[in-house]
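Heads up: the structure comes next, in structure tokens.
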Amino acid sequence: FVAMAAQDSHALHIVVHNSAKGSDGGTRFDKEIGSAKARLIIGRATQFIWQSFNEKSSADGKNVQTVTLFVESMDGVAYTSGDEIHLSAEYVASYQGDVKNEITGVLYHEVTHVWQWDGMGGAPSGLIEGIADYIRLT
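Every number in our numbering is 1 more than the matching position in the sequence shown, counting from 1.
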């Protein structure tokens with residue numbers, strides 16, 4: 002799947018791997034969100050973040066060609082490492098309420114980490130997390 006982002010002719014590849022298929026969280030992810038919807042959310046989040054960061058061309062931001070979402074068995078909610086987003090299947094399974102809305106928010110937060118600069122790890126974590134929370138809540 003290729004999501005065309007409205008930033009120059011930059012084509013962003015968005016990949017979703019549900020390695021928790023068959024588990025409660027993996028099944029709920031597939032049933033209530035699904036790979037196609039997750040790719041759409043990540044693509045829309047990317048466009049919103051580029052706009053929020055005032056990045057008008059691909060040269061303004063980070064050089065990321067592919068964003069990969071892994072739904073997997075793990076503690077916590079989610080984390081991002083480089084261009085990989087890891088989402089807890091256990092969190093998806095246990096969330097009480099509108100899981101589609103919640104995971105949309107989680108993905109907006111995590112996609113922010115894909116695109117934001119962090120001073121090569123030197124930026125204060127509160128600043129990095131605060132920006133991601135701001136994007137999620139905007």
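Each residue gets a CB set at the ideal place from its N, CA and C atoms; glycine is no exception.
Treat the numbers as computed from the prediction; the structure is a model and nothing was measured.
Judged by DSSP in its simplified three-state form, E56 adopts coil rather than helix or strand. For T67, the three-state secondary structure derived from DSSP is strand. In the DSSP assignment, the residues bridged to V17 are L70. In the DSSP secondary-structure assignment, I86 is bridged to L70 and T81. Looking from the CA of A46, the closest CA among K22, F30 and Q117 belongs to Q117.
Non-local beta-carbon contacts of F71 in its own chain, meaning distances under 6 Å to residues more than five positions away in sequence, involve H18 and H87 in chain order.
Residue environment analysis places S89 among the buried positions, since at least 16 neighbouring C-beta atoms fall within 10 angstroms of its C-beta.
The C-beta distance from Y109 to I136 rounds to 6 Å, short enough to meet the 8 Å contact threshold.
Excluding sequence positions up to five before and after Y96, its CB lies within less than 7 Å of the CB of E103, all in the same chain and listed in chain order.
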